[in-house]
Each structure stands twice: as C-alpha cells, then as structure tokens.
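Here it is, written out as structure tokens:
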C-alpha cells in the first residue's frame, strides 16, 4: 500500500514483542488482559443538590479475556456499552465494580500517578479523527506528546522518532509541521495511529477506528492496522458496529447487548453458528452486497421488533427477552450465565437459556444454518 | 441514459451544479445524465465529495441561487424543473417529489410535534380541514409501522427513537403520495437491526406507492438490497451505470473494482487482505485533468497516456444498458476484471 520502513529503524528504547504466528493464539496461553465482573454505572442526578436518583448501567457485569497477539472484536449496537468498555479497559474511566487485570496486575482503581507507567503498554485509537487531535498543535507535537510525557529517551531525538512514526503509518515525514486541518479524515486517523504507536504499546484499544472514513480509505486503514499488528506483535481490542469489518480483522468476537456480553467465540464459530438469538438477528440484518441474493437475504432476515430498552431500567432476567422470539417465563426471572451451551467448546460461550441450534427455524423464516 | 423515443418518468440531462466560492469554482456535479421510471429504484453510490448529495439537492431544487450555478435539464413527468419558476417547483416539492434525509433529528423541527409537521406537509398541498389532515397523518404513521399512531402523533421528535424518527420522516415524505422519492443516506445513522427494518419498510412502501426511488448511499450493501439500477459517481461525474447485477457481477470501471475490493464481505470467505484504492478522493475545486480517477488508477499506464490528458466519454460497455467512462477498451476491461481483479476479491 504505502512504503513503510523497516520496523526496527524506529526504536524508542524498548524491545518489540515477538510477532504472533498464525493469528489465533492458543487459548491456554496467559491472558494479557482479563476483565472480571466489570461494571460502570453513571449516576443520574437531579435538583440543585445533585441527588442521585438512578444510574445508567452502561456496563453491567462483563467477563472476558484478551490474549497476547490476538484481536478481540467487540460488537453491538449504539448504547450497548462497547465504547464504555473500551474506556474502562484503558482506564479513561474508573469502574464502579469488578476488576481489570493487565499483565497480572489489578489496575481497576489505580490513581493517575500509578497509571502513567501503565499507559505505555495500553493505548487507544479514537473514532473521530476530527475531535481527537488538538487543532492548535502541529502533527509533530501531537505524535511526539506521548514520548515527551513519558520522558522516553530517543536515540536521534524526538523529531526523528516522530518522523519515523509518520513514515510507518504511511504519511509524509515532511508534514511534521503541519496542522490537523490540513489533512483528510483518513490521514488524520493515521496521525492518531502514529500517536498510539509512539510508546510501542502491547495493547491497543481501537474504538470505531474506521467508521468515520470513506469505504476506500477504510480499507487502507484496516490494512495498516493489520500490518502493524504483524510487525509489532500488537494485541487489539477492536470496537465497532460494522460486523463485516469486525469479521475481517478479529480472531475472537464478543457481542454486547445492553451492558452485557451475550456471546463470545472465535470468529468463524460466531459467524457460522451463532447461538444467541440476538447474534443471529444481528448477523442476518447485515445487507449483503449481492443483488441476486436479495430475495433470499430478505427471506432469511430476522426482523427484531421494537427498540433497545433503556439501560436505566433494563429488563429483568435476560435483557434481550423483550425482543426475543424464543423468550419464555424463565427468561424474565433468571438471568442466563455466559457459559458454553449445547456441545460448544469452552471458548464459545453464550448467555441464553434457549440457544439457537444450527438449522433451526428462526422466527418465521426458513431454517438458518447458512448465516455465513 | 436510455435514448428511447418515449421520455422516461424522470430524465436528467447534463446536470451541472457548480458553486462559486472564494477558493474557486466547486464542480460538485459536472454533467450528469440519467433516466428513471416509476416503480424502479436507482442507487447512486460514491464517497464523500463525489457529488451524490448535491445531485439530489439539484433535483429537488433546494440550493441557494446566489452561489449555486445549476445548468442542464431535469424532466419530471414531462415538466422541466431547472428553468421553471420557483413557484411552480415549490408546488411540486413535497407533493410530486419528496425527500428523506439522513439525519431525521436535524431534519425535523424540534418545537413542533411529529403529527403537526406531517399535517403541515399535507395541508400545503391539500385544501382540507385539520381533522382530515390529522386523520391522514395518523394513517400514514400507522402505515410506516409506528405503534399506537393515534397516541404517538402528538409526540415531539425527541420522544422518538432513531428508527422511529426515520419512520416518521418516511411518513412525512410519503404523505402526499409522491411520484419521485429521493432518500439521501436513509439508514446511515441507524443501527444495523434498525437499518434492516427501514430497508424492509422502504421496499414494501415502494411496491405499494409505485413511486420512482433514488437511494443515495456509500454502502454497497444497501444498494444491492434496494436498487434496480446503479450509478457510480466519482469527482462529480458518473463513471459507471448499469443494472445492479451488472455492477456487482461484471463491473468495468477501475473505481467500481476499487469500491468492491475495499469492502469486507460477510457472504464470502474472509480475505487475507482488503484491496483498497490508493490515494485520496480529489478536491472538487482542483480536479485532475483527463480522467478524474487517473491518479489513483492502477490501469492508467495501459491507456498510453490518454488517462491524464483526455476526459473519457461515458460509452456503452459489456452489459445491457451498461455505460462506463474509461479509456480502456471493453474487452480489455472485461479481461482485467475476470483475470486480475475478481480472483483477488474471491480468494480466501
């Protein structure tokens, strides 16, 4: 795509992690990040005294692990808590409850001072390349900021390090002194990526990194993220609502609904044999770019009725039951745990009392089975 | 596009929309020609700045005459719109031609109830009492799938969810039974499950109303789902036109190949790598000479220097009613697609 220099040429004084082989890591390998019962409730206040009258339960008890060198995709619709999760993982937010363990260390409630050294290892790419770059700073200042803040010693000075980074993400190093407004959306997203790479992090949380970009630019950035992962052995948590992009980039995928993880599995399993009715509906809703499949796609589509309930007062039991065609009494009283269902391996977990079986007739449509 | 004797229901001939700015003339739409029949759907695809939205504003006649320079002809059911008086276009707008906007929250007035806005749209073109218009509004809301329409009709836009708001917007557009409906990115702001509901609704409604529909979008999935014909725009011009099956199965323009290669597809085995288009979309003030796409085109060297100097014409291509703006000969394009591009997109 663009000429990228040898990754070894840029070195802010740390060894690059070895690149993973084959993509999917062995599940028994030590998790880089582990999340246990994570909750984030935003209080709703009222009146002059700011009395707490309720809480938006944005993330309401989720557990998952992220393994070294893999990409975990986090998908869901707006308001499902995926962005809040991303901000919790990078500790831009402090969790209400639960634990975030990064490299064996509990970082859930560390203060700013103690967090700072951790920030070298986990960085974030933001969705909007227009608001995530300071318009008054030059590209050089923006990309060099992490190096300055962390006091990293660079061999040939910060300017050189920044220029190497710009080259790495496919930008012209001579644009060091330009301002963000002089760049297009895709180029700005590359600046944001260069900034996250400055400290050679182990893990990058990317929150909708390509959804603000045009299709052709989106593909360029996705390929760039792919290359960087191979070159630097990065671990990604990739948050997106676009299921096709998530399928392309992830090794494992977690589906969120109303503050909960409803299903988690490795990519191919999830896309070929989804178990949770919500995952089935979500996958069937993606428009297929093939006009000859139009009729079939429409026939097989699960049209959910209604809207996502409010996270202030989520439904009892299973949160999806209000829109689920399989819901029964137990769904309202008992919350289904996230465990392997039917004959699934441990890596495929579903939070549903009545998981969807392959080939099952789904909500008035012909047998599913070919959801891929 | 169709050079038949009978004029199509909507015919756009050499439409140009230029904006005069301090930096120069922005050629948003630069000579667009197409036709559309009732009951058919045309999908206009392109990236930001390709001129797809400006085309719709041009057809609707909603531009500022002081800085927009609109030329060409737009014939709607035998009536010309570009040179018509503002008064006569106003009579058509909202009546014979209607539009669905991308963001229903900013397209609706926050101070008026949804019902009131629909009633107003109806009464502008129909001399009826409030009761009759209100009954009509409730009926319309029911038809677009809003539950308890007689109660929700008095709600304000902020009380509706995103999907409901888009439904209300569609109700408002359809209240006068328009013959031409333009939907500009109708589902871009919506979640995928809601998008599926809205696409389904648009499909049913079009069959019911038998209107001509123009869907403007950057999402090829949405186009494949709705459109009969597809028009691909780049730098203010049509670069390829054809039936949906032609465009997706046998595209002949390198830009269309690029769009297809940029998009991860869930109905195919996962690609190891996407095949993006290098470079950036052009600035509409300073368009490249010759073929607008030539700086990003991998096949430009094969045109023998024509690409950067001569503007290619929109000419007949392989498929039926298939037009492509490219210097390469048809056989060469078909060969490149079949042997060089397609295998890359389908390999796992």
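Protein chains in written order, with this note's numbering: chain X, 1016 to 1387; chain U, 254 to 601. Built from N, CA and C at the ideal position, the CB exists for glycine as well. Since the structure is predicted, the reported quantities are computational estimates derived from the model, not experimental observations.
Problem - Residue span of the beta strand (DSSP E) that contains residue 1336(X), given as start and end - result: Looking at the DSSP string, residue 1336(X) is not in any beta strand (DSSP E), and its letter there is neither H nor E.
Problem - When 1102(X), 1046(X), 1095(X), 1065(X) are compared against residue 1085(X), the one with the closest alpha-carbon - result: 1046(X)
Problem - Environment of residue 1217(X) [buried if 16+ CB atoms lie within 10 Å] - result: buried
Practice task
Answer yes or no: does any C-beta atom of chain X fall closer than 8 angstroms to that of residue 492(U)?
Solution key: no
Problem - Member of 525(U), 436(U), 573(U), 458(U) whose CA lies at the smallest distance from the CA of residue 1245(X) - result: Comparing Cα positions, the closest option is 525(U).
Practice task
Please confirm if residue 1187(X) has its CB atom under 8 angstroms from at least one CB of chain U.
Solution key: no
Problem - Buried or exposed by the 16-neighbour rule on C-beta atoms within 10 Å, applied to residue 1145(X) - result: Result: exposed.
Exercise for the section: For chain X, find out if any of its Cβ atoms is closer than 8 angstroms to the Cβ of residue 445(U); answer yes or no. Expected result: yes
Handout entry: residue 287(U) versus residue 578(U): straight-line alpha-carbon distance, rounded
Key = 14 angstroms
Exercise for the section: Going by DSSP, name the residue or residues bridged to residue 1080(X). Expected result: Residue pairing by DSSP puts residue 1080(X) in a beta bridge opposite 1049(X).
Handout entry: Proximity below 8 angstroms, CB of residue 323(U) to CB of residue 538(U)
Key = no
Exercise for the section: Could you name the residues of chain X that residue 511(U) contacts, counting a contact when the two beta carbons are closer than 7 angstroms? Expected result: Simply 1231.
Practice task
Name, please, each residue of chain X whose Cβ falls closer than 8 angstroms to the Cβ of residue 471(U).
Solution key: 1229, 1230
Problem - Pairwise C-alpha distance: residue 534(U) and residue 1177(X) - result: 26 angstroms
Exercise for the section: Figure out for me which residue from 542(U), 299(U), 454(U), 574(U) has the closest Cα to the Cα of residue 394(U). Expected result: Looking at the Cα atoms, 454(U) is the closest of the given residues.
Problem - Contact set for residue 597(U): own chain, Cβ-Cβ below 8 angstroms, skip 5 residues either direction - result: 514, 528
Handout entry: Closer than 7 angstroms: residue 537(U) CB and nearest the ligand NAD heavy atom
Key = With respect to the ligand NAD, the structure shown offers nothing to examine, as it has no ligands at all.
Practice task
State the DSSP-derived secondary structure class of residue 392(U), mapped to helix, strand or coil.
Solution key: In this structure, DSSP gives residue 392(U) a helical state, which the three-state scheme calls helix.
Problem - Span of the beta strand (DSSP E) around residue 614(U) - result: Beyond the ends of chain U as shown, which are 254 and 601, falls residue 614(U); an answer cannot be given.
Handout entry: Simplified DSSP state of residue 1194(X), which is helix, strand or coil
Key = coil
Practice task
Note the first and the last residue of the continuous alpha helix (DSSP H) segment covering residue 1207(X).
Solution key: 1200 to 1212
Practice task
Tell me residue 328(U)'s beta-bridge partners as DSSP assigns them.
Solution key: The partner list for residue 328(U) (beta bridge, DSSP) reads 264(U), 333(U).
Problem - Residue closest to residue 586(U), alpha-carbon to alpha-carbon, out of 398(U), 599(U), 550(U) - result: 550(U)
Problem - chain X contacts from the stretch 515 to 534 of chain U (Cβ-Cβ distance under 8 angstroms) - result: 515, 516, 517, 518, 519, 520, 523, 524, 526, 527, 528, 529, 530, 531, 533, 534
Problem - Endpoints, beta strand (DSSP E) assigned at residue 340(U) - result: Where residue 340(U) is concerned, there is no enclosing beta strand (DSSP E), although the alpha helix (DSSP H) it sits in stretches over 339 to 345.
Problem - Coil, strand or helix - residue 462(U) by DSSP - result: helix
Problem - residue 552(U) (DSSP reduced to helix, strand or coil) - result: In the three-state reduction of the DSSP assignment, residue 552(U) falls in the coil class, being assigned neither a helical nor a strand state.
Problem - Test: residue 980(X) CB closer than 8 angstroms to a CB of chain U - result: This structure leaves residue 980(X) out entirely; chain X is present only between 1016 and 1387.
Exercise for the section: Pick out the complete alpha helix (DSSP H) segments inside the stretch 1054 to 1139 of chain X, 4 residues or longer, and give them in chain order. Expected result: 1097 to 1104, 1127 to 1134
Problem - Three or more C-beta pairs below 8 angstroms linking the stretch 1048 to 1056 of chain X and the stretch 1097 to 1117 of chain X - result: yes
Exercise for the section: Report yes if the CB atom of residue 1260(X) is closer than 8 angstroms to the CB atom of residue 517(U), and no otherwise. Expected result: yes
Exercise for the section: Excluding the 5 residues preceding and the 5 following residue 1298(X) in the sequence, name in chain order all residues of the same chain whose CB lies nearer than 8 angstroms to its CB. Expected result: 1258, 1286, 1289, 1386
Exercise for the section: Can you give me the Cβ contacts of residue 510(U) inside the same chain, cut-off strictly under 7 angstroms, excluding the 5 residues immediately before and after it? Expected result: 504, 590, 594
Practice task
Take every Cβ of the stretch 319 to 338 of chain U, pair it with every Cβ of the stretch 399 to 415 of chain U, and state whether three or more of those distances are shorter than 8 angstroms.
Solution key: no
Practice task
Take the Cβ of residue 1376(X) as the centre, count every other Cβ of all protein chains shown within 10 Å, and call the residue buried at 16 or more, exposed below.
Solution key: exposed
Exercise for the section: Look up residue 1364(X) in the DSSP assignment and say whether it is helix, strand or coil. Expected result: strand
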